[in-house]
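**Student:**
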Amino acid sequence: MTDLSPGTGADAPEFDAAGLVASGRVPPHTEMAARTRRSGSWFYAETTLRGMRAFALPIAVYAVLQPLLYMVALGVGLGELVDRGTGPVDGVDYLTFVAPALLVSTVVMSVTAEMTYPVMSGFKWQRLYHGPTASPLEPGQIARGHLLAVVLRFVLQGGVFWVIMVAFGAAPSAWWQSVLVVPVGVLTATAFGTPLQAYASTIEDEAYQFAFIQRFVVMPMFLFAGTFFPLSAMPVWLHWIGWVSPVWHGTQLARVASYGADVPAVMMAVHLAFLLGCTVGGVVWATRSYTRRLHS
Amino acid sequence: MGAAGHGIPRPAWLSSLASGNIGAVLERGFAVVRNQNWTVLASGFFEPVFYLLAMGIGMGALVGTVTGPGGQPVEYAAYIAPALLATSAMNGAIYDSTWNVFFKLRFAKLYEAMLQTSLGPLDVALGEILMALFRGFLYALGFLGVIAAMGLVTSWWSLLMVPAAVLIALGFAALGMGVTSYLTSFQQMDLINFALLPMFLFSATLYPIAVYPDWIQWCIMAMPLWHGVELMRQLSVGHLDALTWVHALYFVGMTLIGLVLTTVRLRALFLR
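So the sequence lines, in the order shown, correspond to chains A and B. Going by the working numbering, the first sequence opens with residue -12, and the numbers climb by one from there. Going by the working numbering, the second sequence opens with residue 37, and the numbers climb by one from there.
Written out as structure tokens, the structure reads:
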């Protein structure tokens, strides 16, 4: 029996179905249901992660290749122009300035991909959410399980990016400080990803909404929210794009972590509160929306 | 829609590849455009414009001026605008000729149906490629209007940027469709993105390639996008030289190779 005890954490137990059948000893279904209610989010996260294995290679290649390309092209190549132009940006060379922002932006672009079509697919095309709903799993646990799997992926993806940043000498802070760019990146991803997940779960008929989000929300956020240049390089009447963008709040925090950017403590609290607020709000909305759709 | 080739005697090898009725393929394409949501088509126009505004104005403040074609200094927005037009021609053509074609080929089985009629593989290939060009033409026209209004072009030669965009799109569409015919899974389709991102980042789009060592520069100059970018940049300021022809001919060659590849592949896939 002991080898059937549920694990807590990502390394949920190896489920030995054949052995279980042979033993003839299955825990009573009330016990199984209780376990599911306790840690169902983790179970669903495991399912999602196993599903991702089909795409493991492209995900891994992308996780390594994308930061490398961005660092070489935008940091080194474009940096050469900037260093020859205005010189240091925010007190550091351009590569150091842009690297933490690129980490945040790439993770946010990944979360966009994860929380649009796959959510639609879960409800409609492949109906992956409907099977688990028939078990004691709550819709909220499904939503959070999906999120959890994505978050675990981004911890890895952000970690790879951080290692590459350090290798390029683009994170001058002590390592225990600059490594905070990873949790900051992940938090920014959830701040943008959970409201998006909730919104995606409300869509019955996909009619280009996601293409529009990509073009008119994600893209402008990538371009105008302080990633490539400080907000101050734009006219004042465009600064609001930064203020409402999770990417800007995350980027500012990431810059503090990676090179000790000069951000007042009050603003750091504002950035953190904004990101946490969006994340919590998104999770609550997603839980409601998943429940409404799966229990109707 | 007329059967353009009828009545003109054609060699036997050609008549097995084409009926000359490309119009039928185009007619279907336009019917789809008419019936889908036009806002999607229109929204594609904004992507290069956003890039231009952000990079041109925001980055421009950090960069100042750069060395343009012929060694004259140009402001940063004027430097990247032609490159963004070349890139958007590439992106549009690649999207149409890869993801769209992949879907029609593997899921909708559209080409299978088309080739059951009197249409030949060359008709289908040309028709699909021409549809991709139509979209590229519209975007190029719109973008040229924007950069002209922003005062980022300084020569009447810049009017040729529209046909140049169509030529670039033609090269990418022809080759893209040929390559797509080899791909069978979504994972393989991701490879296309892996090829496009580095090409966009390195092909002198956002900064001159002189920052790299010689051997990297040679690799970049072998890539199609670099030729497209340079061609556009020369046209935008009216600085034309022998290299202009090299850039243009590169795309003519790419188109021919792509067309042959696509035709051969469609025939191999469906007309056994």
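Think of the CB as a built atom: it goes at the ideal place given N, C-alpha and C, for glycine as much as any other residue.
Whole alpha helix (DSSP H) runs in the region 108 to 149 of chain B with 4 or more residues, listed along the chain?
**Tutor:** Runs found: 112 to 131, 137 to 142.
**Student:** Quick check: is the beta carbon of S124(B) nearer than 8 Å to any beta carbon in chain A?
**Tutor:** No, its Cβ sits nowhere closer than 8 Å to a Cβ of chain A.
**Student:** Identify the continuous alpha helix (DSSP H) that holds V169(A) and give its terminal residues.
**Tutor:** Segment 168 to 189, the alpha helix (DSSP H) holding V169(A).
**Student:** Taking 8 Å as the CB-CB cut-off, is V231(A) touching chain B?
**Tutor:** Cβ-Cβ to chain B under 8 Å: no for V231(A).
**Student:** The alpha helix (DSSP H) that contains T266(A), what's its start and end?
**Tutor:** Start and end: 252 to 281.
**Student:** Does any CB atom of chain B fall closer than 8 Å to the CB of Q257(A)?
**Tutor:** With the sequence shown as reference, residue 257(A) is identified as Val, and Gln is not the correct amino acid for it. Chain B, which has no Cβ nearer than 8 Å to the Cβ of V257(A), makes this no.
**Student:** With 7 Å as the C-beta to C-beta threshold (strictly closer), list the residues of the region 226 to 260 of chain B near chain A in chain order.
**Tutor:** Within the region 226 to 260 of chain B, the qualifying residues are D226, F230, L233, P234, L237, F238, L242, Y243, V247.
**Student:** Within 10 Å of its beta-carbon, does Y218(B) have 16 or more other beta-carbons around it, so buried, or fewer, so exposed?
**Tutor:** Looking at its Cβ environment, which holds fewer than 16 other Cβ atoms inside 10 Å, Y218(B) is exposed.
**Student:** Please tell me whether I200(A) has its Cβ less than 8 Å away from any Cβ of chain B.
**Tutor:** No - not a single Cβ of chain B is within 8 Å of the one on I200(A).
**Student:** Leaving out five residues on either side along the sequence, give the residues of the same chain with a beta carbon under 6 Å from the beta carbon of S165(A).
**Tutor:** So the qualifying residues of the chain are A158, A244, S245.
**Student:** For T99(A), which three-state DSSP category applies?
**Tutor:** Correct three-state label for T99(A): helix.
**Student:** How is the alpha helix (DSSP H) around T366(A) delimited, first residue to last?
**Tutor:** Not covered by the structure: residue 366(A). The range shown for chain A is -12 to 283.
**Student:** Would you mind working out which of T123(B), A90(B), L162(B) sits nearest G59(B), comparing C-alpha positions?
**Tutor:** When each option's Cα is compared against that of G59(B), the closest is L162(B).
**Student:** Quick one: which residues of the region 78 to 107 of chain B get their C-beta closer than 9 Å to a C-beta of chain A? List them in chain order.
**Tutor:** Residues S79, G80, F82, E83, F86, Y87, L89, A90, M91, I93, G94, M95, G96, A97, L98, V99, G100, T101, V102.
**Student:** Suppose you measure from the CA of T(-5)(A) to the CA of P119(A); what does that come to, to the nearest Å?
**Tutor:** Reliability fails at T(-5)(A), whose pLDDT of 44 lies under 50, so the model's placement of it is uncertain and the value that follows must be treated cautiously. Approximately 19 Å, taken between the alpha carbons.
**Student:** Provide the residue span of the beta strand (DSSP E) that contains T216(B), from first to last.
**Tutor:** Per DSSP, T216(B) belongs to no beta strand (DSSP E); it is in the alpha helix (DSSP H), 197 to 216.
**Student:** From what residue to what residue does the alpha helix (DSSP H) around T238(A) run?
**Tutor:** Unbroken alpha helix (DSSP H) run through T238(A): 233 to 246.
**Student:** Is DSSP giving T101(B) helix, strand or coil here?
**Tutor:** Three-state DSSP puts T101(B) in a strand.
**Student:** Using CA atoms only, rank isn't needed, just tell me which of A50(A), P87(A), R71(A) is closest to L143(A).
**Tutor:** The shortest Cα separation from L143(A) among A50(A), P87(A), R71(A) belongs to A50(A).
**Student:** Between G180(A) and the rest of its own chain, which residues show a CB-CB distance below 6 Å, the 5 nearest in sequence each way excluded?
**Tutor:** So the qualifying residues of the chain are V98, M102.
**Student:** In chain B, which residues lie with their C-beta within 7 Å of the C-beta of V69(A)?
**Tutor:** Those within 7 Å of V69(A) in chain B are L98, V99.
**Student:** Can G264(B) and A129(B) be called in contact, C-beta distance under 8 Å?
**Tutor:** Going by C-beta atoms, G264(B) is not nearer than 8 Å to A129(B).
**Student:** Taking the CB atoms as reference points, tell me whether V106(A) and Q184(A) lie closer together than 8 Å.
**Tutor:** Yes, Cβ-Cβ distance for V106(A) and Q184(A) is below 8 Å.
**Student:** Along the chain, where does the alpha helix (DSSP H) that runs through D250(B) open and close?
**Tutor:** Residues 250 to 258.
**Student:** Do you know whose CA, among L120(B), Y243(B), R301(B), M268(B), lies nearest G62(A)'s CA?
**Tutor:** The residue with the shortest Cα to Cα distance from G62(A) is Y243(B).
**Student:** Quick one: using the 10 Å Cβ neighbour count with 16 as the cut-off for buried, is V69(B) buried or exposed?
**Tutor:** Exposed, by the Cβ-count rule.
**Student:** Restricting to Cα atoms, I'd like to know which of L210(A), M96(A), R37(A), P233(A) is closest to L262(A).
**Tutor:** It is P233(A).
**Student:** Between the alpha carbons of A210(B) and A119(B), how many angstroms are there, rounded?
**Tutor:** Computed Cα separation, rounded: 21 Å.
**Student:** How big is the Cα-Cα spacing for V61(B) and S55(B)?
**Tutor:** One C-alpha to the other measures close to 11 Å.
**Student:** Excluding the 5 residues flanking K140(B) on each side, which residues of the same chain have their C-beta closer than 7 Å to its C-beta?
**Tutor:** Excluding residues within five positions, the ones whose Cβ falls inside 7 Å are L146, Y147.
**Student:** Going by beta-carbon coordinates alone, are G64(A) and V300(B) separated by less than 8 Å?
**Tutor:** No.
**Student:** Measuring alpha carbon to alpha carbon, tell me which of T17(A), A41(A), W29(A) ends up nearest S221(B).
**Tutor:** The shortest Cα separation from S221(B) among T17(A), A41(A), W29(A) belongs to A41(A).
**Student:** Does I204(B) pass the burial test, meaning 16 or more other C-beta atoms within 10 Å, or should it be called exposed?
**Tutor:** Buried, since its Cβ has 16 or more Cβ neighbours within 10 Å.
**Student:** Along the region 159 to 182 of chain B, where does the CB come closer than 7 Å to a CB of chain A? Name the residues.
**Tutor:** Listed by position, the residues of the region 159 to 182 of chain B near chain A (Cβ gap below 7 Å) amount to none.
**Student:** So which residues of chain A does V137(B) contact, with C-beta pairs closer than 9 Å?
**Tutor:** Within chain A, no residue comes near V137(B); the closest Cβ sits about 18 Å away, beyond 9 Å.
**Student:** Please name the residues in the region 211 to 227 of chain A whose beta-carbon is closer than 7 Å to at least one beta-carbon of chain B, in chain order.
**Tutor:** From the region 211 to 227 of chain A, only F211, F215, F216, A220, M221 have a Cβ closer than 7 Å to chain B.
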